[in-house]
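K.L.:
The sequence shown begins at 1 in full-length UniProt numbering and counts up by one.
For each residue, glycine too, the CB sits at the ideal point set by N, CA and C.
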Amino acid sequence: MATSKWLKLPHPRPPPTDHPVLSLLSQAPQQEHLRALHARAVTSGLIADTFAASRLVQHFLPLDLRYAESVFDSLHHPDAYTWNAMIAGHISHSSPPRRCVSFYFRMRAAAPRAPPNSHSFALLLKSCIASADKQQAATARLVHGQVLKCGFEDDIIIKNSLMRMYINMGLLAPDARSLFDASVFLDAVSWNTMVSAYGKSGNMATARELFDRMPERTLVSWSTLLDGYLGAGDSAEALRVFRGMREDGVRPDSVALVSALKACARSGALEDGRAIRRYIDDRSDLGIGRNVVLATALVDMYCKCGCIDEAAEVFSSVGDGDVVLWNAMVGGLAMHGDSKRALEHFEMMKRRGVAPNGSTYVGVLCACTHAGMLDEGIELFESMREHGIEPDRNHYGCLADLMGRAGRVRDAERVLLTMPMEPEATQWGALMSACLAVKDVEVGERVGKRLIELEPYDGGRRISLANLYAAVGRYDEARELRRGMEEMGVRKETGTSITV
Numbered sequence: 001m002a003t004s005k006w007l008k009l010p011h012p013r014p015p016p017t018d019h020p021v022l023s024l025l026s027q028a029p030q031q032e033h034l035r036a037l038h039a040r041a042v043t044s045g046l047i048a049d050t051f052a053a054s055r056l057v058q059h060f061l062p063l064d065l066r067y068a069e070s071v072f073d074s075l076h077h078p079d080a081y082t083w084n085a086m087i088a089g090h091i092s093h094s095s096p097p098r099r100c101v102s103f104y105f106r107m108r109a110a111a112p113r114a115p116p117n118s119h120s121f122a123l124l125l126k127s128c129i130a131s132a133d134k135q136q137a138a139t140a141r142l143v144h145g146q147v148l149k150c151g152f153e154d155d156i157i158i159k160n161s162l163m164r165m166y167i168n169m170g171l172l173a174p175d176a177r178s179l180f181d182a183s184v185f186l187d188a189v190s191w192n193t194m195v196s197a198y199g200k201s202g203n204m205a206t207a208r209e210l211f212d213r214m215p216e217r218t219l220v221s222w223s224t225l226l227d228g229y230l231g232a233g234d235s236a237e238a239l240r241v242f243r244g245m246r247e248d249g250v251r252p253d254s255v256a257l258v259s260a261l262k263a264c265a266r267s268g269a270l271e272d273g274r275a276i277r278r279y280i281d282d283r284s285d286l287g288i289g290r291n292v293v294l295a296t297a298l299v300d301m302y303c304k305c306g307c308i309d310e311a312a313e314v315f316s317s318v319g320d321g322d323v324v325l326w327n328a329m330v331g332g333l334a335m336h337g338d339s340k341r342a343l344e345h346f347e348m349m350k351r352r353g354v355a356p357n358g359s360t361y362v363g364v365l366c367a368c369t370h371a372g373m374l375d376e377g378i379e380l381f382e383s384m385r386e387h388g389i390e391p392d393r394n395h396y397g398c399l400a401d402l403m404g405r406a407g408r409v410r411d412a413e414r415v416l417l418t419m420p421m422e423p424e425a426t427q428w429g430a431l432m433s434a435c436l437a438v439k440d441v442e443v444g445e446r447v448g449k450r451l452i453e454l455e456p457y458d459g460g461r462r463i464s465l466a467n468l469y470a471a472v473g474r475y476d477e478a479r480e481l482r483r484g485m486e487e488m489g490v491r492k493e494t495g496t497s498i499t500v
């Protein structure tokens, strides 16, 4: 029901239920009925009742903000509940924070009849948090100043919201950290918020330092630190945190287990992954067959650790998998070169009514590439729009790679040149490798020069072009490229060489 969220706001007193207008409101009126209901409230005198008027405003807010505001402006003495409802309405309609703040100052002007309360500030802070715009910093600091002026600085919910507001606006330092350091009382949410913020900013040293100082670590605290290391690309440390969580007697939930399995997948820690699988099996509340998210993480981990049969066993244990689980299995089979099974699973998922998405097509196109199935890959690419999927950069890259590996480098070049978005250097690099394989110097020279323009200080790009020149006997040009590298101070990467 469209108005249900407004009914959850705290009521100042029990509602009158016997008035016919309020009875009509309970039926969730449509927008075209608003004016008639408003007129009946005015003619019946109900609009003079503060609570009844607030009910009218709160029901109109989800449907028509401007109309609700006009009704609100006609009220003689709106109470704090109605003021807060208006601020909440503006948040719901994505009004900028300054609009919500303007209502707050109107509310302040109406004091002491309707003084702002903690809920007023919670709403203002929610508006600022939702904006996540550093340009709103002045408004955010104005709200903070009003919190202090009205004496709500020790309200822990308000304090935590202030920290989240500054963090979302990119003001971790100095604003959020200064507030944190100056606070006498902090709860677990306060600490977790700061650990998460430093983790997401890539400052894991400070995140760890705060974590170690926490007076009490909850499951959320451990999961936050684990995710921080995972986001920073330190899978080994993420697994150490997971083990520390277990040693500390904290019972990981499915969210923490999924993060730990991601760390195993990224680092190839198969034995750790198998240990987590055993732990899941021992937990009666974590059956893989009932938890698709956990099953997907296990399938992904097994695939990336090279255990495709164990991945298939987990996959088969899930009754009704979603598209993400199917994608993990299809992509894993493609990654292991089992193109036949990957395509079989693709057809099977469609038969079972699971609609493929963009990621599914990346998996099957890769499967066709590995198997050299050019015609099938082109047909799959062309069928994407039939399923309502617009090809993106990855799909075009897969198609170009498929054509390049099949020796059709001119067609691959045409795909990259005509795709509706700018190709990435890696996609041109894959085509350059294909040109080297078939010794097509005409296309390869164009691609190589384009790569050098895109990444002038990547020695590998010049090396690839030099090797192509050498492969077709154009040794002078290969040597010229090498001399150019030396003059520019461009270094070649370890493991690459120039053949001249």
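So what's Glu-480 in DSSP terms, helix, strand or just coil?
P.N.:
The answer is helix: DSSP assigns Glu-480 an H, G or I state.
K.L.:
If you reduce the DSSP assignment to three classes, tell me which class Ala-63 lands in.
P.N.:
The sequence shown places Leu at residue 63, rather than the Ala named in the question. In this structure, Leu-63 counts as coil in the three-state DSSP scheme.
K.L.:
Express the C-alpha separation of Ile-129 and Tyr-166 in angstroms, rounding to a whole number.
P.N.:
Rounded to the nearest angstrom, the two C-alpha atoms are 8 Å apart.
K.L.:
Rank Cys-305, Arg-450, Val-330 by C-alpha distance to the C-alpha of Phe-315 and give the top, closest one.
P.N.:
Minimum Cα distance to Phe-315 is reached at Val-330.
K.L.:
Would you mind stating whether Val-318 and Val-292 have Cβ atoms separated by less than 8 Å?
P.N.:
Taking 8 Å as the Cβ cut-off, Val-318 and Val-292 qualify as a contacting pair.
K.L.:
Which stretch, first to last residue, makes up the alpha helix (DSSP H) that contains Asp-411?
P.N.:
First-last of the alpha helix (DSSP H) with Asp-411: 409 to 418.
K.L.:
So what's Thr-496 in DSSP terms, helix, strand or just coil?
P.N.:
For Thr-496, the predicted model reports a pLDDT of 48, less than 50, meaning its position is unreliable; a value from the coordinates is still stated below. Here Thr-496 sits in coil by DSSP.
K.L.:
Taking C-alpha atoms, which residue in Arg-290, Gly-321, His-76, Leu-65 lies nearest to Lys-86?
P.N.:
The question names Lys, but residue 86 is Met in the sequence shown. Among Arg-290, Gly-321, His-76, Leu-65, the Cα nearest to that of Met-86 belongs to Leu-65.
K.L.:
Quick check on Pro-252: buried or exposed, where buried means 16 or more other Cβ atoms within 10 Å of its Cβ?
P.N.:
By the 10 Å Cβ count, Pro-252 comes out buried.
K.L.:
Is the beta carbon of Ala-53 within less than 7 Å of some heavy atom of the ligand NAD?
P.N.:
The model on display carries no ligand, and the ligand NAD is accordingly not part of it.
K.L.:
Under DSSP, the alpha helix (DSSP H) around residue 559 begins and ends at which residues?
P.N.:
An answer regarding residue 559 cannot be provided, because it is not within the stretch 1 to 500 covered by the chain.
K.L.:
Hey, Leu-436 and Asn-467 are a contact pair by Cβ (cut 8 Å); roughly how many whole angstroms apart?
P.N.:
Going by Cβ atoms, the distance from Leu-436 to Asn-467 rounds to 6 Å, so yes, they are a contact pair.
K.L.:
For a test of the three-state rule: what should DSSP assign to Ala-188, helix, strand or coil?
P.N.:
Here Ala-188 sits in helix by DSSP.
K.L.:
Can you give me the C-alpha to C-alpha distance between Val-438 and Tyr-302, rounded to a whole angstrom?
P.N.:
About 35 Å.
K.L.:
Could I get the ranges of all uninterrupted alpha helix (DSSP H) runs contained in the region 214 to 243, with 4 residues as the minimum, in chain order?
P.N.:
Within the region 214 to 243, the complete alpha helix (DSSP H) runs of at least 4 residues are 219 to 231.
K.L.:
Near Leu-380, which residues of its chain fall below 7 Å by C-beta distance, leaving aside the five closest residues on each side in sequence?
P.N.:
Tyr-361, Val-364, Leu-365, Cys-368.
K.L.:
Buried or exposed, going by whether 16 or more other CB atoms sit within 10 Å of the CB of Ile-156?
P.N.:
It counts as exposed.
K.L.:
Could you tell me the distance, in whole angstroms, from the CA atom of Arg-141 to the CA atom of Gln-135?
P.N.:
Cα to Cα, the separation comes out at about 11 Å.
K.L.:
Jot down the residue ranges of each uninterrupted alpha helix (DSSP H) in the region 431 to 459, minimum 4 residues, whole runs only, in chain order.
P.N.:
Qualifying alpha helix (DSSP H) stretches, in chain order: 441 to 454.
K.L.:
With a CB to CB cut of under 8 Å and the five nearest residues on each side skipped, what residues in its chain are close to Ala-48?
P.N.:
Only His-76 meet the Cβ criterion.
K.L.:
Identify which residue in Cys-305, Asn-357, Ser-339 has its Cα closest to the Cα of Leu-325.
P.N.:
Of the candidates Cys-305, Asn-357, Ser-339, the one whose C-alpha sits nearest the C-alpha of Leu-325 is Asn-357.
K.L.:
With His-144 as the anchor, note down where its alpha helix (DSSP H) starts and where it stops.
P.N.:
Note, His-144: alpha helix (DSSP H), 137 to 149.
K.L.:
Which of the three DSSP states is assigned to Leu-210 in this structure?
P.N.:
Three-state result, Leu-210: helix.
K.L.:
Where in the UniProt repeat "PPR" (357 to 391) do unbroken runs of the alpha helix (DSSP H), each at least 4 residues long, occur, reported from the N-terminal end onward?
P.N.:
Segments of the alpha helix (DSSP H) lying fully in the UniProt repeat "PPR" (357 to 391): 358 to 371, 374 to 383.
K.L.:
What do you reckon, are the CB atoms on Asn-203 and Thr-224 nearer than 8 Å?
P.N.:
No, these two residues do not count as a Cβ contact at 8 Å.
K.L.:
Considering only residues of the same chain and omitting the five flanking positions on each side of Gly-170, which have a CB-CB separation below 7 Å?
P.N.:
The answer, listed in chain order, is Lys-134.
K.L.:
By the DSSP assignment, the alpha helix (DSSP H) with Cys-100 in it spans what residues?
P.N.:
Looking at the DSSP string, the run of the alpha helix (DSSP H) that includes Cys-100 is 97 to 109.
K.L.:
Three-state secondary structure (DSSP) at Cys-128?
P.N.:
Looking at Cys-128 - three-state DSSP - the assignment turns out to be helix.
K.L.:
Mind checking Val-184: buried by the 16 CB within 10 Å criterion, or exposed?
P.N.:
Burial call: exposed.
K.L.:
Where does the unbroken alpha helix (DSSP H) through Glu-347 begin, and where does it stop?
P.N.:
Start and end: 339 to 351.
K.L.:
Looking only at its own chain, which residues have a Cβ that is under 8 Å from the Cβ of His-90, when we skip the five neighbours before and after it?
P.N.:
Here the set comprises Leu-65, Arg-99, Cys-100, Phe-103, Ser-127.
K.L.:
So is Tyr-469 buried or exposed if we call it buried at 16+ other beta carbons inside 10 Å?
P.N.:
Flag for Tyr-469 reads buried.
K.L.:
What is the DSSP secondary structure of Ser-317, counted as helix, strand or coil?
P.N.:
Here Ser-317 sits in coil by DSSP.
K.L.:
Under the three-state reduction of DSSP, which class applies to Leu-75: helix, strand or coil?
P.N.:
Coil.
K.L.:
Work out the CA separation of Ala-173 and Gln-58 for me, nearest whole Å.
P.N.:
Roughly 38 Å separates the two Cα atoms.
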